[in-house]
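Structure, as structure tokens:
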Amino acid sequence: MKIRRLTRALYPGRCAICDEVIAYDRMLCPTHEKTLRPVIGDTCRKCGKPLRDTDRLCCYDCNRKIHYFDRGFAVFRYEDVRESLYRFKYSGRAEYAGFYAYAADKVYGSIIRDLDIDAIVPVPIHKKRMAVRGYNQAELIARELSGLTGIPEYNGLIRRCRATIPLKNLSEAERKNNLKKAFIIASNDVKLKKILLVDDIYTTGSTMDAISVLLRGAGVCEIYFLAVAIGAGL
């Protein structure tokens, strides 16, 4: 404990939301400890988006198209952690992964354990993006979550074999076309039956669907995902 205090005194921790300096035994600043709230209440039974129309079981997107995963979980609303995730991905704040995984385990840990998941699998990034960024943000979260839940992480099970352009400004059809043949199964002998995919952001589900189709073809029976952030559903 003394070593940890000394280390944090020399290299102060930062709030995972606003990046302000915080006490050695905290992950968030006092303000965000009080104000940041996870996704709770009425959510889509398929993707986990918060529902504006509480009479619905699923959001508008999930009602109008087929998804190839079984169910998704999201920890925070995207607008609440948008700047945090930007620093995490593009400004070297890899240490935020510990908070994201801690929050995910706190909200969904018991559910994930009850699902009897065989493996936690991070959504891969292309080697060119890895070379620029230095790490795969999903892999860091998956590794931390694995340590908290005791579920093994399988990094390398899926490989992104084709560089794709960012999906955020693409239409649904463009997203699907962009992701065609973007992933491959890197193992010839997949014996896993229940998988939890991990990523930082869920939008329309195009990435999760593309990977889920591959996993179904490899014999995986149940596919779930966990995302740090998600947009609002209709």
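The opening position of the sequence shown corresponds to residue 7 in the working numbering, with each subsequent residue numbered one higher.
Yeah, the Cβ is synthetic: ideal placement off N, Cα and C, and Gly gets one too.
If you're wondering where the values come from, they're calculated on a predicted model, not measured in any experiment.
### Query
In the DSSP assignment, what residue or residues form a beta bridge with R165?
I190
### Message
Nearer than 8 Å: is that true of the beta carbon of I229 relative to any heavy atom of the ligand GDP?
### Response
With respect to small molecules bound, the structure shown includes none, and the ligand GDP cannot be examined in it.
#### Entry: Neighbourhood of C227 by C-beta, 7 Å cutoff - its chain only, sequence neighbours within 5 removed
K199 and K200
### Message
So, does the segment 29–36 touch the segment 70–83, judging by three or more C-beta pairs under 8 Å?
### Response
No, because fewer than three Cβ pairs between the segment 29–36 and the segment 70–83 fall closer than 8 Å, the two stretches do not touch.
### Cβ-based neighbour list, Y102, same chain, cut-off 6 Å, excluding 5 preceding and 5 following
A22 and F94
### Message
For the pair the segment 145–155 and the segment 61–71, tell me if three or more CB-CB distances fall below 8 Å.
### Response
no
### Task
Measuring alpha carbon to alpha carbon, tell me which of I217, R222, R135 and Y208 ends up nearest F82.
Y208
### Closest residue to S193 among S152, I217 and R165 (Cα-Cα distance)
Here the closest residue by C-alpha is R165.
### Task
Throw me the rounded Cβ distance for the L203 and M214 pair, which I believe falls under 8 Å.
6 Å
#### Entry: Cutoff 7 Å; reference S218; Cβ partners in own chain excluding five residues on either side
Y74, F75 and I229
### Query
So, are the CB atoms of A110 and F79 less than 9 Å apart?
yes
#### Entry: Where Y30 falls: helix, strand or coil (DSSP)
coil
### Query
Exposed or buried, which one is K112 when buried takes at least 16 other CB atoms within 10 Å?
exposed
### Query
From R119, D120, S212 and I157, pick the residue whose C-alpha is nearest to that of K186; which is it?
S212
### Task
Leaving aside the five residues before and after C167 along the sequence, list all residues of the same chain whose C-beta is less than 6 Å from its C-beta, in chain order.
I190
### Task
Could you tell me the distance, in whole angstroms, from the CA atom of P56 to the CA atom of Y108?
21 Å
### Task
Drop a sphere of 10 angstroms on the beta-carbon of P130, count the other beta-carbons inside from all chains shown, and report buried for 16 or more, exposed for fewer.
buried
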